[in-house]
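Asks: Numbering (the numbering used here), first residue to last: 2 to 344.
Note that beta-carbon positions come from the ideal geometry of N, C-alpha and C, so glycine has one too.
I have a structure I would like to understand better, so I am pasting it below and will then ask my questions one at a time.
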Ligand code: AHG
Ligand code: MN
Ligand code: MN
């Protein structure tokens with residue numbers, strides 16, 4: 002007689018899950034499976050350091066300024082190095098690129114190169130570190146375009162449409178890993194006692210009825226008419242829909258994750274705040290494209306206000322883009338307002 006269990010849910014570790022996913026693809030060599038497993042491991046390492054934060058005296062700013070012109074937090078560097086060092090010697094990658102570095106991150110010559118490239122935002126929402134609010138890591142994996150040898154810029158500048166895997170880690174009340182390899186979206190929660198990610202959110206689909214909208218209202222002064230009207234629409238002020246609740250953490254991963262599970266829209270529009278950044282703040286390759294891939298796998302949609310984020314062909318590693326992401330109806334409504342009133 003099997004033991005009586007309170008729940009019949011499968012206990013599925015991330016390792017078992019990615020191995021089972023691999024079986025769907027008979028041509029798979031296991032490289033991608035191992036790569037994902039390495040990222041889960043990097044996530045555990047980063048999570049253990051973020052939770053220890055102040056205790057380990059690793060909170061606070063360094064004196065460096067990154068390529069985006071922002072102050073680099075120590076945890077940004079730690080997360081950045083963890084991911085790089087976990088992946089530079091495995092023979093699975095041709096190159097990497099990180100939000101924290103201007104150019105490509107090559108694989109050291111002494112190691113073999115592989116068939117994928119990895120692009121990542123090591124720590125997303127780093128302004129929240131000091132206040133113990135959720136932060137995250139975002140990753141993207143593409144198949145290389147070049148044949149062999151060191152990875153090239155062309156390998157990294159691919160549209161989101163070409164993504165093989167995209168995912169994120171969320172360091173919040175608990176640590177979660179959410180990923181998609183193109184056949185649904187799966188969420189795992191880290192059990193800190195056994196050190197394993199267990200499947201908690203099987204085949205995530207954005208609820209049809211949205212609950213939230215997420216935007217930095219403080220910047221309304223810099224918005225064009227379309228965004229003012231769109232926001233009024235989401236607040237139910239023009240009478241088209243009942244008002245949605247506002248939630249904005251200032252960590253894209255946390256804001257996106259909430260809306261993925263509860264339904265809603267996150268937007269960081271183009272604005273007039275900084276003439277150097279006419280496309281808003283978010284980065285196409287490290288933030289918008291991977292989350293757009295996950296949103297579309299969960300039945301949602303992401304747009305820059307004019308076109309599907311997944312169709313944008315990047316021209317540089319750190320290119321920024323306006324982002325509208327979440328329930329399809331709400332994102333399409335943003336496109337409609339922009340068509341009518343401009344940005
Ligand atoms: P990062 O910490 O990787 O630089 O990203 C921060 C981003 C994103 O997480 C968030 O949605 C956005 O910055 C918040 O910006 P505002 O403070 O301008 O609203
Ligand atoms: Mn970020
Ligand atoms: Mn970052």
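What do you get for residue 182, buried or exposed, if any count of 16 or more other CB atoms within 10 angstroms of its CB means buried?
Replies: Here the question's residue 182 lines up with position 181 in the chain shown. Residue 182 is buried by the Cβ-count criterion.
Asks: Give me every residue whose Cβ sits closer than 6 Å to any heavy atom of ligand 2, in chain order.
Replies: Spelled out in chain order, the answer is 122, 125, 253 and 288.
Asks: Looking at the secondary structure, which residues open and close the alpha helix (DSSP H) in which residue 99 lies?
Replies: On the chain shown, position 98 is the one that residue 99 refers to. No alpha helix (DSSP H) contains residue 99, which is instead part of the beta strand (DSSP E) from 94-99.
Asks: Once you ignore the five residues that flank residue 216 on each side, which residues in its own chain have a CB closer than 6 Å to its CB?
Replies: Walking along the chain shown from the start, residue 216 turns up at place 215. If we look at residue 216 and ignore the five residues flanking it on each side, its Cβ neighbours are 268.
Asks: Which residues mark the beginning and the end of the alpha helix (DSSP H) in which residue 291 is found?
Replies: Numbered from 1 along the chain shown, position 290 holds the residue referred to as residue 291. Looking at the DSSP string, the run of the alpha helix (DSSP H) that includes residue 291 is 290-298.
Asks: Can you determine whether any heavy atom of ligand 3 sits closer than 8 Å to the C-beta of residue 65, and answer yes or no?
Replies: Reading the chain shown from its first residue, position 64 is the one you call residue 65. Residue 65 Cβ: outside cutoff for every heavy atom of ligand 3.
Asks: Going residue by residue through the region 107-187, where are the continuous alpha helix (DSSP H) segments of at least 4 residues, counting only ones entirely within it?
Replies: You should have 154-157.
Asks: What's the gap between the Cα of residue 26 and the Cα of residue 37?
Replies: As a working note, residue 26 is residue 25 in the chain shown. As a working note, residue 37 is residue 36 in the chain shown. The alpha-carbon atoms of residue 26 and residue 37 are separated by roughly 15 Å.
Asks: Confirm the yes/no value for this check: CB of residue 100, any heavy atom of ligand 3, distance under 8 Å.
Replies: Residue mapping note: residue 100 aligns to position 99 of the chain shown, counting from 1. Yes, the beta carbon of residue 100 sits closer than 8 Å to at least one heavy atom of ligand 3.
Asks: Evaluate the contact criterion for the region 289-309 versus the region 73-83: three or more CB pairs, one atom per stretch, below 8 Å.
Replies: No, the region 289-309 is not in contact with the region 73-83.
Asks: Indicate whether residue 335 and residue 231 have their beta-carbon atoms separated by less than 9 Å.
Replies: Counting from 1 along the chain shown, the entry for residue 335 is found at position 334. Counting from 1 along the chain shown, the entry for residue 231 is found at position 230. Yes, the Cβ-Cβ distance between residue 335 and residue 231 is below 9 Å.
Asks: Locate the beta strand (DSSP E) running through residue 326, then write down its first and last residues.
Replies: Within the chain shown, the letter at position 325 stands for residue 326. 324-327 is the span of the beta strand (DSSP E), which, as asked, contains residue 326.
Asks: How long is the line joining the alpha carbons of residue 264 and residue 235, rounded to whole angstroms?
Replies: Looking up residue 264 in the chain shown gives position 263. Looking up residue 235 in the chain shown gives position 234. Cα to Cα, the separation comes out at about 13 Å.
Asks: Measuring from the CB of residue 141, is there a heavy atom of ligand 3 at a distance below 8 Å?
Replies: Stepping through the chain shown from its first residue, residue 141 is reached at position 140. Every heavy atom of ligand 3 is 8 Å or more from the Cβ of residue 141, so no.
Asks: DSSP three-state call for residue 336: helix, strand or coil?
Replies: Position 335 of the chain shown, counted from the start, is the residue given in the question as residue 336. Note: residue 336 maps to helix in three-state DSSP.
Asks: Based on Cα-Cα distance, which residue from 329, 288, 284 and 209 lies nearest to residue 254?
Replies: Stepping through the chain shown from its first residue, residue 254 is reached at position 253. Out of 329, 288, 284 and 209, 288 has the C-alpha closest to the C-alpha of residue 254.
Asks: Should the region 190-200 be regarded as contacting the region 169-180, the criterion being three or more beta carbon pairs within less than 8 Å?
Replies: With a cut-off of 8 Å, the region 169-180 and the region 190-200 count as touching, because enough Cβ pairs lie within range.
Asks: When you compare the region 238-251 with the region 298-318, are there three or more beta-carbon pairs, one atom per stretch, that lie closer than 8 Å?
Replies: Output reads no: the region 298-318 does not touch the region 238-251.
Asks: Just to confirm before moving on: does the CB-CB distance between residue 290 and residue 311 stay below 9 Å?
Replies: Here residue 290 corresponds to residue number 289 of the chain shown, with the count starting at 1. Here residue 311 corresponds to residue number 310 of the chain shown, with the count starting at 1. Result yes, Cβ atoms of residue 290 and residue 311 sit closer than 9 Å.
Asks: Could you give the first and the last residue of the continuous beta strand (DSSP E) run that contains residue 263?
Replies: On the chain shown, position 262 is the one that residue 263 refers to. Where residue 263 is concerned, there is no enclosing beta strand (DSSP E), although the alpha helix (DSSP H) it sits in stretches over 253-263.
Asks: Roughly how many angstroms separate the alpha carbons of residue 331 and residue 186, rounded to a whole number?
Replies: Residue mapping note: residue 331 aligns to position 330 of the chain shown, counting from 1. Residue mapping note: residue 186 aligns to position 185 of the chain shown, counting from 1. Distance between the alpha carbons of residue 331 and residue 186 is about 20 Å.
Asks: With three or more C-beta pairs closer than 8 Å as the rule, is the region 158-165 touching the region 12-19?
Replies: No: the two stretches stay apart, fewer than three of their Cβ pairs being nearer than 8 Å.
Asks: Closer than 8 Å to a non-hydrogen atom of ligand 1 - does that hold for the CB of residue 241?
Replies: Working through the chain shown from its first residue, we reach residue 241 at position 240. For ligand 1, not one heavy atom lies less than 8 Å from the Cβ of residue 241.
Asks: I need the boundaries of the beta strand (DSSP E) containing residue 213, first residue and last residue.
Replies: Position 212 of the chain shown, counted from the start, is the residue given in the question as residue 213. Run containing residue 213: 213-215, per the beta strand (DSSP E) assignment.
Asks: Return yes when the C-beta of residue 69 is under 8 Å from any heavy atom of ligand 1, and no when it is not.
Replies: Residue numbering aside, residue 69 sits at position 68 when the chain shown is read from its first letter. Yes, since a heavy atom of ligand 1 falls inside the 8 Å radius drawn around the Cβ of residue 69.
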